[in-house]
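K.L.:
Here you go, one structure.
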Amino acid sequence: MAADIADDWMSLPAAQQPAWPDPDALREVLAFLRSSPPLVYAAECDQLRARLAAVARGEAFLLQAGDCAETFDGVSAEQIDNKLRTILQMAAVLTYAASVPVVKVGRMAGQYAKPRSSEVEIRDGVTLPSYRGDAVNGLAFDQAARVLDPHRLSRMYHASAVTLNLVRAFTTGGYADLRRVHAWNRDFVALSPAGERYESLARQIDSALAFMRSCGPLPREIETVEFYASHEALLLDYEAALTRVDSRSGYLYDVSAHMVWIGERTRQLDGAHVEFAARVRNPIGVKLGPTSTADDALALIDRLDPERQPGRLTFITRMGAGRIRDVLPAFVEKVTASGAQVVWACDPMHGNTYESESGYKTRQFNRILDEIRGFFEVHQYLGTHPGGIHVELTGDDVTECVGGAHEIADADLRQRYETACDPRLNRSQSLELAFMIAEMYGS
Ligand code: PEP
Ligand code: MN
């Protein structure tokens, strides 16, 4: 039986919604979105759910990655290609190391809205509304840019469509062939100051590919890649306008992305975000930060995964490197005891953010790695599956996180600090991270 999306849930408290100044313009934009084609098919969402079910069972690994905040200016062939390449390169390394398929999900083609801790931003005595993502207002620190503009929601839809189109072309058009991706990794190893460290793993992948070639024709799977799109389902007007009844099953799907997640600031059990997510059939992620409890996780399972369907629910923990080893075990133990089969993903970014001495919001590469290591340790100790990682990255050579083989220092951050929101791993740091996770499998 299909639930009705135009139902009462919209009257529930919804955190982090923009106070749009122009209700007529908003209505017009939402009508346009409601009559627009879906960005993804419901069947694709089901396929991702099946892939995530394999992750939940311990038979696959999830790599979810992309910008903190995509921007409309960032919708360029170069930036999208670089990001995709980086994610696919990481996935190639992880597939080999984990010896299981890697489910690739981008924080891409829809990650345009941001929750903010403060309504306003104050700089040099000037107070303006906070930037809430390109879906809502502009990043420039001036009054005109920061005006909330509902027309941006239709730009979000178009930017998502254009990005997704390129993602689909890139991943199925022969460009993502595993042999080519591995050649990029070869280049990375040759050029990285830490290259030697990764050389032997790269050589092992060479041998595995050579072995496959000598066995006969390579399977077609090697030439194409399954890639899924995800974003935080923050702006409920937008998400609801892109929610459709699936003609096959009668169920509702949010067709703005294959998977959507609920952020740390909007996961209230009695709030509109959880209610919305409960009504759609997509795979759902929920962020769990240091203020959450294992009982919150159980209550979220009851609301979002009452049928205990593996692959439906992904818990994305973001506890911080200093806490993960202490707090994660209780979550995993209680959830496992409840009988739910969720995906456990580690977001090592959001619990490790701080302001550097030079005034930039940054993250240390070693702290990021340490949270992932703690995540693996906890799961190994409990005999459960470290399902995957959720990271903020770009394929460009930015300087936003400190550390890594190129030893980006606080003083370097100003060189290429380009993020619209949180600091991202650059291409080289992202690949190093993949190689270092690969090493964890060997140890
Ligand atoms: C994010 O993923 O960019 C984010 C805002 O995370 P969280 O909800 O975990 O703070
Ligand atoms: Mn972020």
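Each position in the sequence shown, counted from 1, maps to that position plus 230 in my numbering.
Backbone N, C-alpha and C fix where the C-beta goes; we use that ideal spot for every residue, glycine too.
1. Does residue 381 pass the burial test, meaning 16 or more other C-beta atoms within 10 Å, or should it be called exposed?
2. For the region 449–456 and the region 394–409, state whether three or more C-beta atom pairs, one from each stretch, are separated by less than 8 Å.
3. Starting from residue 462 and walking both ways along the alpha helix (DSSP H), at which residues does that stretch end?
4. With a 10 Å radius around its C-beta and 16 neighbouring C-beta atoms as the bar for buried, classify residue 388 as buried or exposed.
5. Residues in its own chain within less than 6 Å of residue 288 by CB, not counting five upstream and five downstream?
6. My output table needs one value for residue 517: the three-state DSSP class, helix, strand or coil.
7. When you measure from the CB of residue 248 to every non-hydrogen atom of ligand 1, does any distance come out below 8 Å?
8. Which term fits residue 418, buried or exposed, when burial requires 16 or more other beta carbons within 10 angstroms of its beta carbon?
9. Can you look up residue 277 in the DSSP assignment and give me helix, strand or coil?
10. Secondary structure at residue 491, three-state DSSP: helix, strand or coil?
11. Say yes only if the C-beta of residue 275 is nearer than 8 Å to one or more non-hydrogen atoms of ligand 2, and no if none qualify.
12. Alpha carbons only, please: which of 347, 339, 635 is nearest the one belonging to residue 398?
13. In whole angstroms, what separates the C-alpha of residue 368 from that of residue 494?
14. Can you find the residues in the same chain that come closer than 6 Å, C-beta to C-beta, to residue 645, ignoring five residues on each side of it along the sequence?
15. Less than 8 Å between C-beta atoms, sequence neighbours within five positions excluded: which residues of the same chain meet that for residue 590?
16. How do the region 618–625 and the region 289–297 stand: do at least 3 beta-carbon pairs fall below 8 Å, yes or no?
17. Heavy atom of ligand 2 less than 8 Å from the Cβ of residue 442, yes or no?
18. Quick one: what's got a C-beta closer than 7 Å to residue 396's C-beta in the same chain, skipping five residues either side?
19. Straight-line CA distance for residue 474 to residue 270?
20. Output the boundary residues of the alpha helix (DSSP H) element that contains residue 323.
21. Mind listing, in chain order, the residues whose beta carbon lies closer than 5 Å to a non-hydrogen atom of ligand 2?
22. Do residue 599 and residue 578 have their beta-carbon atoms positioned less than 9 Å apart in this structure?
23. On the three-state DSSP scale, how would you describe residue 611?
P.N.:
Put simply:
1. exposed
2. yes
3. Residue 462 -> not in any alpha helix (DSSP H); beta strand (DSSP E) instead, spanning 457–462.
4. exposed
5. 615
6. strand
7. no
8. buried
9. helix
10. strand
11. no
12. 339
13. 23 Å
14. 629
15. 630, 640, 643, 644, 647, 653
16. yes
17. no
18. 307, 310
19. 11 Å
20. 307–328
21. 298, 652
22. yes
23. helix
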